[in-house]
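Trainee: Okay, handing you the structure first.
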Amino acid sequence: MPRYKYYDYNQTVMIPIELEKHIIAGTLEYAIHRLVEERVKIEPFEKKLKNDETGRPAYNPKVMLKITLLAYSKGIISSRKIEQACKENIVFMALSCQQYPDHSKIAEFISTMKEEIKLLFRDILLVCEELKLLGGIPPCGTLDGLKLPSSASKHWSGTHEELKNKKEKLEKKIAKLISEHQSEDKKEDKKGDKKEEKNEKRKSEDKEKIQLERLRRKAKKIEKWLKENEPKIGKQGKEVKSNIIDNDSCKMSTSSGVIQGYNGQALVDEKHQIIIYSEAFGGGQDYSHVSPMIDGAKENTKAIGKTEKYFEGKTFTADANYHSTENIKKCEEEKIDAYIPDVDFRKRDERFEGQKKYKEEKPDRYELDEFNYDERSDSYTCPMGKQLRRQSSKKIKDGYHQYAVKRKGCIECEKKSKCIKMPKGTRKYLTIAVKKEESISKRMRDKIDSKEGRQKYERRLAIVEPVFGNIKAQKRLNRFTLRTKEKVNIQWGLYCTIHNIEKIANYGSM
């Protein structure tokens, strides 16, 4: 018979542990420990505590902050799992000094870090500046976004009218189920049931009751929300889809399909990929994010001792989603050397000529110089003799005027396919656009098309994409678990903070 080594689960084992020896120099947890102990101002967290004279002692905010940052660095964002890690993981035990905060305390600590997360981020950014981790040669910053699902289903989204229709459909479905159930009861009453059939019928009725209760709850939830909330108006003045679960989030298109989520933005410094400013937005379109991101970055750099003119002359890059007159003007006002391409910039790049994806197909149409311009009447005459008069009250884009002719006069024209594409519908006028002054977008296109512009823009991917790769793949952030923009900003800020702490651990002297 084989022999085995003896073991006994009833034996007592005394294991001496020196907690500080498990926080090893050069590791991320060591950097978190040193930074929170020595550099992070804890006073903002203490303001919420009111137990000076009465009440039980609170967990030290330093301990709570350490275990939160360590948990986020490992992709642990569930408060219950953080509590479990403090009881089972030796590194968490060391950072918490073997204190075991309850998951409710952890959740409360994280979800209430509204202003504190901004101050924490700035404290870490100041350390990055002191360690000379900011500012390359030439200094360059890049803006990009990461779209992630929120803790809300897209099936709860819709305009007020769509949500009303959804509620009505639910009510009709409830009425139909009740009617069917009553009909079945009448049939069963006429013919007697055996015992087995009665049991099956009872189980079926229980399932129907659960289904009816679920549908009623959904209908009541929509009805209550509609009474308490006004329609959500977008930037163009039209109603956009609301979400009953988290109305700050929105539907947005991603490479993985349409999600209900938030757009986490980050402005990244080139030298060591330090995040200068971060914010989460409930909007998938990036054309309105440049201004708040630059303003936020200026506030952060001012807080660490930089001047108002810190960004003047610095290179700034962003992808084509950010190309808008508003964003380019903002960069010009701040005297930033911006490179924001339009969506067709690769079609104009001779390096992509052989790729069908970027090949620009030019239709066989009249050029503007084939229209005769009469300066006295400020009008154009097309090659077939039709006069297009200026629409003085209308402008399109930046620096363009419209010249129009009545649609009726062009319908029978044999050259209309070479002139103006006939729009569908009942539009009264057909128009052409003529540039009267230099367009701000045109200046940016010329800048991007230059050799220097292409070289500077090409650096964008190497600066910002590794940051999002680190946060999403290494830190395992695949969705936001908190609701409302305010709380999602806390989660996004914590991930961006831990990214910067990791840079300090790798390139600094921690």
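Residue numbers (numbering that gives the first Met the number 0): 0 to 509. For each residue, glycine too, the CB sits at the ideal point set by N, CA and C.
With distances taken between CB atoms, is the gap from GLY281 to ASP336 smaller than 8 Å?
Mentor: Contact: no.
Trainee: In this structure, how does DSSP classify VAL12 when only helix, strand and coil are distinguished?
Mentor: Correct three-state label for VAL12: coil.
Trainee: For HIS510, collect the residues of the same chain with a Cβ closer than 6 Å to its Cβ; drop the 5 residues on either side in sequence, then sort them by chain order.
Mentor: Only positions 0 to 509 of the chain appear in the structure, and residue 510 is not among them; the question remains open.
Trainee: Fully enclosed by the stretch 93 to 147, which alpha helix (DSSP H) runs are 4 residues long or longer?
Mentor: Runs of the alpha helix (DSSP H) inside the stretch 93 to 147: 102 to 110, 115 to 129.
Trainee: Assuming the contact rule is C-beta atoms closer than 8 Å, GLN264 and LEU142 should be a hit. Round their C-beta distance to whole Å, please.
Mentor: The Cβ separation is near 7 Å, so the contact holds.
Trainee: Below 8 Å between beta carbons: does that hold for VAL126 and HIS21?
Mentor: Cβ distance not < 8 Å, so VAL126 and HIS21 don't count as in contact.
Trainee: Sort LYS208, ILE14, LEU69 by Cα distance to ILE31 and report the nearest one.
Mentor: Comparing Cα-Cα distances from ILE31 to each of LYS208, ILE14, LEU69, the minimum goes to LEU69.
Trainee: Does DSSP classify SER238 as helix, strand or coil?
Mentor: First, the residue type needs correcting, since residue 238 is Glu and not Ser in the sequence shown. Residue state, collapsed to three classes: strand.
Trainee: Mapping the DSSP letters down to three states, classify VAL521 as helix, strand or coil.
Mentor: For the chain, the structure presents residues 0 to 509; residue 521 sits outside this window and is missing.
Trainee: If you draw a straight line from the C-alpha of LYS208 to the C-alpha of ILE244, how long is it?
Mentor: LYS208 and ILE244: Cα-Cα distance of roughly 25 Å.
Trainee: Quick check on ASP101: buried or exposed, where buried means 16 or more other Cβ atoms within 10 Å of its Cβ?
Mentor: ASP101 is exposed by the Cβ-count criterion.
Trainee: Return helix, strand or coil for MET383, following the three-state DSSP convention.
Mentor: MET383: coil per DSSP, three-state reduction.
Trainee: Measure how close the beta-carbons of ILE14 and LYS153 come, nearest whole angstrom, since I'm counting them as under 8 Å.
Mentor: Between LYS153 and ILE14 the Cβ distance is about 50 Å, and since that is not below 8 Å, they are no contact.
Trainee: Using a Cβ cut-off of 8 Å (strictly closer), state whether PRO15 contacts chain C.
Mentor: You won't find chain C in this structure, because it holds only one protein chain.
Trainee: Based on DSSP bridge pairs, tell me the residues matched to GLU278.
Mentor: Per DSSP, GLN264.
Trainee: Using C-beta distances below 6 Å, list every residue in its chain close to GLU170, excluding the 5 sequence neighbours before and after it, in chain order.
Mentor: Excluding residues within five positions, the ones whose Cβ falls inside 6 Å are ALA218.
Trainee: Specify, as a first and last residue, the run of the beta strand (DSSP E) that TYR58 falls within.
Mentor: Here TYR58 belongs to no beta strand (DSSP E), and DSSP marks it neither H nor E.
Trainee: Can you grab the Cα-Cα spacing for the pair ILE500 / ILE123, in whole Å?
Mentor: ILE500 and ILE123: Cα-Cα distance of roughly 7 Å.
Trainee: I need the DSSP call for THR306, collapsed to helix, strand or coil.
Mentor: In the structure shown, THR306 sits in coil (DSSP, three-state: anything other than H, G, I, E or B).
Trainee: Exposed or buried, which one is ASP7 when buried takes at least 16 other CB atoms within 10 Å?
Mentor: Exposed, because fewer than 16 other Cβ atoms sit within 10 Å of the Cβ of ASP7.
Trainee: Rounded to the nearest angstrom, what separates ARG475 and GLU457 at their Cα positions?
Mentor: Their backbone Cα atoms lie some 27 Å apart in a straight line.
Trainee: I need the DSSP call for ALA151, collapsed to helix, strand or coil.
Mentor: Here ALA151 sits in coil by DSSP.
Trainee: Give me the Cα-Cα distance between TYR276 and LYS131, rounded to the nearest whole angstrom.
Mentor: If you take the alpha carbons of TYR276 and LYS131, they lie about 17 Å apart.
Trainee: Suppose the cutoff is 7 Å on Cβ atoms and the five residues either side in sequence are ignored; what does the same chain contact list for GLY424 look like?
Mentor: With a pLDDT of 45 at GLY424, under the threshold of 50, the modelled position of this residue cannot be trusted, and the question is left open.
Trainee: As a quick exercise: from LYS40, GLU413, PRO60, GLU37, pick the residue whose alpha carbon is nearest that of LEU48.
Mentor: Out of LYS40, GLU413, PRO60, GLU37, PRO60 has the C-alpha closest to the C-alpha of LEU48.
Trainee: With respect to the alpha helix (DSSP H) encompassing CYS495, which residues constitute its N-terminal and C-terminal limits?
Mentor: Per DSSP, CYS495 belongs to the alpha helix (DSSP H) from 484 to 506.
Trainee: Would you call the CB atoms of PRO56 and ASN50 closer than 8 Å?
Mentor: Taking 8 Å as the Cβ cut-off, PRO56 and ASN50 qualify as a contacting pair.
Trainee: Tell me, please, whether the stretch 112 to 119 touches the stretch 215 to 234 by the rule of three or more beta-carbon pairs shorter than 8 Å.
Mentor: No, the stretch 112 to 119 is not in contact with the stretch 215 to 234.
Trainee: Looking at MET63 and VAL120, is the spacing between their C-beta atoms short of 8 Å?
Mentor: Correcting the residue identity first, residue 120 is Phe in this sequence and not Val. The answer is no: Cβ separation not under 8 Å.
Trainee: Output needed for LYS86: all residues of its chain with C-beta closer than 6 Å, excluding positions within five of it in sequence on either side, in chain order.
Mentor: Same-chain partners within the cutoff: TYR99.
Trainee: Please report the residue range of the alpha helix (DSSP H) in which PHE315 lies.
Mentor: Premise fails: PHE315 lies in the beta strand (DSSP E), 314 to 317, not in any alpha helix (DSSP H).
Trainee: Measuring straight from C-alpha to C-alpha, what distance separates TYR494 and GLY74?
Mentor: Answer to the nearest angstrom: the Cα atoms are 9 Å apart.
Trainee: Is any heavy atom of the ligand NAP found at a distance shorter than 7 Å from the C-beta of GLN210?
Mentor: Questions concerning the ligand NAP fall outside what the structure shown contains, since it holds no ligand whatsoever.
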